[in-house]
Structure formats: C-alpha cells, structure tokens
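Q: Sharing a structure below in structure tokens format, with a few things to ask.
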Amino acid sequence: MKALSWLLVTFVFLAVSFRGFADSEDKPPQRALPYDTPFQSEGGQVQVVADQIEYTRDQQKIIARENVILRYQEIELAADYAEVETKSKKAYARGHVIIFRHKYAVARGEEVHYNFATDAASFPNGRTYHIPWFSSGEDYQQLKDGVQIVKKGTVTTCNLENPHYSFKAKKVTIYEGDKLIAKSVTIVVLGKPVFWLPYLIIPLNERGNLPFTLKAGYNSEHGAYLLGSKGFSINRNIGGNVHVDWRSKRGFGSGADVFYDYGKYFKGFAKGYLTQDNNAPTFGSDNPYREREDRTRGRLTWMNQTMHNKYNYIISRYNRFSDEQFLQDFFEKEGRAEIEPQSFVTLNHNTDRYGLMTYVEKRVNNFESLVERVPDVRFGWKNQPFFKSGIYYQSDTSFANLHKVLGRIPLNEDVWRIHQMNEWIAPLQWKGIKFSPFVNLGGTYYSREKESDEDRFRTLLGGGADLRTHAYKTFPVNFHRLGFEMNELRHVFEPSIQYRSVRSTVSDETIDHFDSTDRIDDADIVTFGIENRLQTKRVMQGQMKRVDVVSLNTFLSYEIHPDGRSQASRFITFEDASTSSQFSILSQDLVLRPYDWLIYEARFDYDMDRDSFRVFNQDWVTRFKNLRLLFGHRFVKGIGDVSDNGQFVFNARYRLNRLWELHGYVRWNENDLGLEEWQVSATRDLHDFILDFGYNVRNSAIRSNNKELFFNFRFKAFPEIHLGAGPGRASFGEPRIGENVAGANPSSMLGDFQSDFEVTPLAKKGTP
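The opening position of the sequence shown corresponds to residue 0 in numbering that gives the first Met the number 0, with each subsequent residue numbered one higher.
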C-alpha cells in the first residue's frame, strides 16, 4: 500500500502543478442573438431584381419583367415575369419558373402562385425534387413549409423528361425530410404499367432507403432464396426497414432495422433479426458445419452516440448473437467488416490541455474472446510546457478492473490495475539539427500476480533521445520521355537516430498480459532511420502538384542485451532466443510512382538474427486507359504452433465502353497455391441502375467449393441498396496508397465503376 500511496501522491502533485488549469475552462458568456438565424427576423420585405420594374402605388404591387429574381429569407424565385403584392407578400410568376431554397433548386414549372409570408404555393404542372426523388403532377400545392400535395402525380429517381420507370399516383403527399405517401399507385416501366398498389410509402430521410426491395436466387449454402424488405418512416427523425426472408435450406427469417437521429442528443440505430435455421452449424468440433441441427438463431444490435460538443460525447454499443457464425451465415458483409463485434460504453471529455475517458466493456456472448474492463478510467495531460518554456510534459493515468475471457475456455486472469506514466521532453534545435532528450517515470499497481493472489507494485524508469536533421537539393532536370514526366527533381534526405531505454522492477513474465501496458519490460533499443524522397511536379487533375516519385524509409534497430524477446517490430512482439546485443529488426517502406498510372508499395520487417522476413506486404496498382490491374501479396511469419501465412490477390477491371465493364478476381494461398476465392463478373450501366452479374466460388478450411451465380441491381440514387441475388463483387480491401504523396487519399484509379450518366439535382444556383 505504500507504493500505491506513492503513486497517488505523485499524480496529485503533478496535476496541481499546472497554473491556470481551472481558468482555462472558463469562457465568457456569449451574448445571444435576437434570432437564431438571419432568416428568422421579422418584418422583412420581398426583394425584387429584374431588367424592368414597375410599381403601382394604389395596388401596392410590383411588376417585374425579364430575368426576374424574388428573394425572401432563404427562398429565391427566378422567372421571366412576376407580380408581387408588397403588403401581403403574395406573388405570381410565370415563364421558366425555378424556386431555390438555401441556394438549391427544389421546384420548377411554367407558373406559380407563392405566398412568401406563409410559404404556401400553387404550382400547376410543376416538378419538385426531394433528394433523390423527382415528383411532378397536374396540380402541386404546398400547404406550408415542409408539406406538399401533388394530384395526379409521378414519382421517380430518373431525371429524364420521359423516365425509364416511375410510380404514378392519384394523390401524393410529401413530408419534407420524412416520407412521401402515394395512393392508388401504378408502377410504370418503359412507359408500360406493370403493377398496381393501393398505398405506397417512400422514406425521405438521410438513409434514402427504398420503399421495398426484393432479392431472389440460389447458392450452395442457402439453396433457393427470396429476401424482401420494406422501408418505413415514422417521422423525419425515425425510419428503417422491415425484413422478411425465405431460404429453402435454412427456413424463414424476419427482422427490422431502426435508425434515429435527434441531433447531438441521440443518434444511432437498432437491428434485430430472428430465424428458425433448419441447417444450423453445431459447435464442439473443429468444423461446426460438419454436423447440422435445427434451432433458433438471431441477433440484436444497438449503437448510440450522444455528442454534446466536440469535446464531450458518449458512445454506446450492444451486440448480442446466438452464435459466432451467425453474421457469417446471414450478414456476411458485416461479419467481414468486424468478425466479433463487441459491446461497450465510453464517456469522453477532452480539452486542449487534458483528456478524460471512462470505458466499460463487458462480454455479452459466451463465445467472445476479449478483456473485460469494468471500468477502465483514463486521464491524460497533453503535451504542454512544464513550468517554464523549453521543457514539455505529458502523462497518462489509468485505473482499470480487468478480466480476460477466451471464448468458451475457462480462465482465471483478472486484476485491479492502476498505472501512471509521465514524460518530460526538452526539444532543442541548432542550424537544422533537432535534438530531443526525454525522461519517463511511472509505476503500476497490480492487485495480484500471475501465479498468486499477492499484490505487486512495479516502478518504471526510462529515457532516451531523438536526433534528426533535414536536408534537400534541387536538380534542374526537366523532360517528358516515354510517358515519364519530370519538372525539376528534388531529393529530400532526413536521417535520424533514436535511443530509448526502459527499466522495470518487475518482470512482465510474473504478471498477466491484458494489453501493451503489461508487456513493458527492460529494453534498450537504438533505432537508425533514413527517410529519402525524390520529388517532382506533375499536372494532376488540372493543377501542378508535388509527386513523390520515390519514397524510401529505412529503419534499423539495435537491441542491447535483449531478454529473449524482440521489442523492435512495428507490428508485433516476437519471441526470440537470443540474449546478446545485436541488430534485430530491419524495417523498410518503399513507394514508387514512376508514372501517373503506376504505383508500387512494399513494407516489411526483416529479422536480422534469423535471416527471415517477419512481415512482408506489397501492392502493385496500374491504370492504363480502360484497364485497371491490382496485385497484392501478404506474408506473416508463424508464431509457435501457427504456421507461416501468405496470400496473393489479383484484381482486374476492363471498361469496354461507357456502358460495360468486366471484372476478374483471384485470391490464393501461398503455402499450397490453393485457390481460396475466384470470381468473374460484368457491370452494365442502365442509367437509373447499375447491373452487376457474375459467378463466384469460395473455399475455406470448414466450407469448400461454395458456388454462387449472382446478379445485382444497384440504384444510382441509393448506392448502398442492392436488388438482386448473391453477394455481388468479391469482398476486397483495396490498398490505401497516396496517389501523389504519402498520407493522401487513395488513388482515384482504385475507385468504383462510374458511368457517364449521373443522377443530379435540378440545379444549384449559379451553375448552368
């Protein structure tokens, strides 16, 4: 307990040493505006701009002709002719009428009666736009702000005068930002009526979900299937989808997704799904799909974000599943994005000087492997001057109740842990040379050891220094040969050397490992680094931009008397039998951009002692006219009983013309060259839709030769919504390589298929 008291006193002393801590949080009260926005002020008049303007005093009316613009608050009306009653703010306009709201066109027609005071309007034969839906009708009435009625109307996402498809209704009621309700609806395709519905609701919330979707097809695992969903909207804050599915080999299933958005107070979603699976996997063996059973399976997911401001927010997430294979079987896209979704609550408070976080994570599913934190409270001082200029200080303090769980395997690893680490830095600079010595001091209290229930306190002392400089030279090299463009050449050279040392009074082998804090042990590492860049300038997207033609960063670590485990790897700590001082890890990042259509990247960690790669990743991307090729390779050295893992990926796209594109994808294992997945597919632009179709085969250790013939309609207006059968394109994470410099956005050459047809709003004011 003496050690614990020492830790607490140290933290309190350092915390109160900073002057002005409380004052930095106090802000002078802000004077409230008389109204929230300039558009809410009362007493404004309709502004009239035109080539010709007349005013009749007895009728209090303005008559405007040619290039007429009427402005009132956030509303603008453009027309050839207009009459405005100045007292009542009623207007009549005709001739190429377009109404703008917040500078975006929302309606157009040949004439309109508009009451600017009440926001009511009458728009005969008008056309309106509610992202991404177009609506038109013989009689359009805007009752008030946000509510419109269209009689004998048409609704579609096609922006052509004669749309490829539409919903024709006797009456359409539009609630802006909420939903669109149509009665007596006829579905028309290519000018021909194909179906009739008495009632149709189309959500207009930000998710843009469709009124209904339908997928049908066949695959090896599910058999014949029919998947249907119906979109709904309760109000502009709440909406979602209801799902009803049938699979011949699995049975019926149903569920719902509910999305809500109340601004900074509550924003999130809830998802539920339940199915009586006739062919469910069984657990207890290495292959759960070897034997099947009939049982109920399902999920319940909830995620919420409460963000008071950018400094204070709460995030909550709850994930409950019937078994570990549920997402893979029924929601494969979610399962690939996150194999084992977990449940937690985190409260965060951040300022410019410090950050405070409370994190609670508890296992909800009995098959999860994680570290429970009930709770984990962390407080950190951000890097800031320490009493006087020239010395900077930062610290991290945490209090955690930890318990490790490993699937269905019983474990007895739990501890109460208090950890505190302080760092002082004194950066110096002289003629381009930067020298930054630093000192670390901290400690950790454990309520129990690995092999006993006795508590233990660990003192940590460390330090080191970072020395680096920067130099460059520009060469007058200018040429454009064989497609290679060079507009001057600059070589940037940044050598560095860093030494860091850590001493611990307790070996990490005597305590359980829950995270990186528990792996801190004695270490002395010298890292030599050289960063090289060859830069030029090229015209990209119409602008002259800097391009790193060659980027080569090399780092070599020298470990002084290691304890048998290498701490120098960027990716993971490896067990190593050597205990003598030696060069341990060589790390290198290489990026080549010789042409604007070719990029190559390689990253590796090389074990100098064992003369082998620990990690080696490389990607080659090219785009030449209509052809896009990508080749990737991943390798990770095996640890213990786990063998080496290597994988190759090849992806190709070829654009035949503005309507057709072909795809090919292959993924195979490096060890036995066995195919894990391959796919051939094609894409066809249909103006309002994009059609994907192809054939996919997947193999794995537990399920082999899973085949599927798929087709998929993607709505351009709703890119996240698909109509069709099968998963679509093979799941593939493209490399994130800057197109011209490191750290930039991914290259546009890796983008998805885009056609020459685009669904666009009517217009934005000021654009043709």
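Even glycine gets a Cβ: it sits at the ideal position worked out from N, Cα and C.
Whole angstroms is fine: what's the gap from serine 368's alpha carbon to serine 515's?
A: Roughly 17 Å between the two C-alpha positions.
Q: State buried or exposed for asparagine 656, treating a residue as buried only when at least 16 other CB atoms are found within 10 Å of its CB.
A: Classification of asparagine 656: exposed, given that the 10 Å Cβ count is below 16.
Q: Quick one: grab the DSSP three-state call for aspartate 608.
A: Aspartate 608: coil per DSSP, three-state reduction.
Q: Which residue wins for smallest C-alpha separation from isoleucine 417, given the options Val404, Pro426, Leu410 and Val376?
A: When only C-alpha atoms are compared, the closest one is Val376.
Q: Which residues does DSSP list as the beta-bridge partners of asparagine 695?
A: Note: asparagine 695 sits in a beta bridge opposite Gln678 and Glu707.
Q: Name the residue from Gln51, Val171, Glu331 and Pro593 whose alpha carbon lies nearest to the alpha carbon of histidine 479.
A: Measuring from the Cα of histidine 479, the nearest candidate turns out to be Pro593.
Q: On a CA-only basis, which of His402, Trp380 and Lys403 is nearest glutamine 778? Give me that one, please.
A: Nothing about residue 778 can be read from this structure; the chain reaches only from 0 to 767.
Q: Nearest to threonine 295 by alpha carbon, out of Gln72, Ala106 and Phe251?
A: Of the listed residues, the one whose Cα sits closest to threonine 295 is Phe251.
Q: Tell me the rounded alpha-carbon separation between alanine 399 and tyrosine 653.
A: Their Cα atoms are separated by approximately 54 Å.
Q: Could you name the residues of the same chain whose beta carbon sits closer than 6 Å to that of valine 769, not counting the 5 residues immediately before and after it, in chain order?
A: The requested residue 769 does not occur in the structure, where the chain is confined to residues 0 to 767.
Q: Among Cys157, Ser87 and Val548, which has the Cα closest to the Cα of aspartate 485?
A: Correcting the residue type first, residue 485 is methionine in the shown sequence and not aspartate. It is Val548.
Q: Determine the contact status of aspartate 276 and arginine 249, defining contact as a CB-CB distance below 7 Å.
A: Yes, Cβ-Cβ distance for aspartate 276 and arginine 249 is below 7 Å.
Q: For a test of the three-state rule: what should DSSP assign to serine 284, helix, strand or coil?
A: Reduced to three states, the DSSP call for serine 284 is coil.
Q: When you compare only the Cα positions, how much space is there between phenylalanine 489 and glutamine 534?
A: At residue 489 the sequence reads arginine, which differs from the phenylalanine that was named. Going by the C-alpha atoms only, they are around 5 Å apart.
Q: Per DSSP, arginine 467 is paired with what?
A: Answer is Lys433 and Ser495.
Q: I'd like the span of the alpha helix (DSSP H) that includes alanine 336, first residue to last.
A: Taken as a continuous stretch (DSSP letters only), the alpha helix (DSSP H) holding alanine 336 covers 331-336.
Q: Arginine 518 by DSSP, collapsed to three states: which one?
A: Here arginine 518 sits in helix by DSSP.
Q: On the three-state DSSP scale, how would you describe phenylalanine 474?
A: Three-state result, phenylalanine 474: strand.
Q: Is the number of C-beta pairs between the stretch 536-543 and the stretch 462-475 that are closer than 8 Å three or more?
A: Cβ pair count under 8 Å is below three, so no.
Q: Looking only at its chain, what residues have a beta carbon closer than 7 Å to the beta carbon of valine 47, apart from the 5 residues adjacent to it on each side?
A: Counting only Cβ-Cβ distances below 7 Å, and skipping sequence neighbours, we find Ile61, Ala63, Leu69 and Val83.
Q: With a threshold of 16 other CB atoms inside 10 Å of the CB of phenylalanine 386, please say whether the residue is buried or exposed.
A: Exposed, because fewer than 16 other Cβ atoms sit within 10 Å of the Cβ of phenylalanine 386.
Q: How close, in whole Å, do the beta carbons of phenylalanine 649 and valine 665 come, if the pair is a contact with beta carbons under 8 Å?
A: At roughly 5 Å, the Cβ-Cβ gap stays under 8 Å, so phenylalanine 649 and valine 665 are in contact.
Q: Based on DSSP bridge pairs, tell me the residues matched to threonine 443.
A: Bridge partners of threonine 443: His418 and Arg457.
Q: Which same chain residues end up closer than 8 Å to lysine 263 when comparing Cβ atoms and leaving out the 5 residues on each side of it in sequence?
A: So the qualifying residues of the chain are Thr305, Met306, His307 and Asn308.
Q: How many Å lie between leucine 658 and alanine 106 at the Cα?
A: One C-alpha to the other measures close to 31 Å.
Q: Among residues of its own chain, excluding the 5 on either side of tyrosine 312, which ones have a beta-carbon nearer than 6 Å to its beta-carbon?
A: Hits under 6 Å: Met306 and Asn347.
Q: Cutting at 7 Å between CB atoms, please list the residues of its own chain near proline 162, excluding the five before and the five after it.
A: Closer than 7 Å at Cβ, skipping near neighbours: Thr155.
Q: Hey, out of Asp79, Phe513 and Phe692, whose CA is closest to glutamate 371's CA?
A: The option with the nearest alpha carbon to glutamate 371 is Phe513.
Q: Assign aspartate 507 to one of three DSSP states: helix, strand, or coil.
A: Here aspartate 507 sits in helix by DSSP.
Q: Would glycine 463 and serine 500 be called neighbours here (beta carbons separated by less than 7 Å)?
A: Yes, these two residues count as a Cβ contact at 7 Å.
Q: Please state the DSSP three-state secondary structure of leucine 326.
A: Here leucine 326 sits in helix by DSSP.
Q: For histidine 830, does the count of other Cβ atoms within 10 angstroms reach 16, so buried, or fall short, so exposed?
A: Here the chain comprises residues numbered 0 to 767, so residue 830 is not present and cannot be evaluated.
Q: Using only the alpha-carbon positions, how far apart do phenylalanine 603 and glutamate 676 sit?
A: Going from the Cα of phenylalanine 603 to the Cα of glutamate 676 covers about 25 Å.
Q: Using only the alpha-carbon positions, how far apart do serine 746 and alanine 49 sit?
A: Since pLDDT at serine 746 reaches only 35, below the 50 mark, its modelled position is unreliable, and no value is offered.
Q: Can you check whether the CB of proline 197 is closer than 7 Å to the CB of serine 232?
A: No, the Cβ-Cβ distance between serine 232 and proline 197 is not below 7 Å.
Q: Contact check, serine 315 vs valine 344 under 8 Å by CB: the rounded distance?
A: Contact flag correct, Cβ pair sits at about 5 Å.
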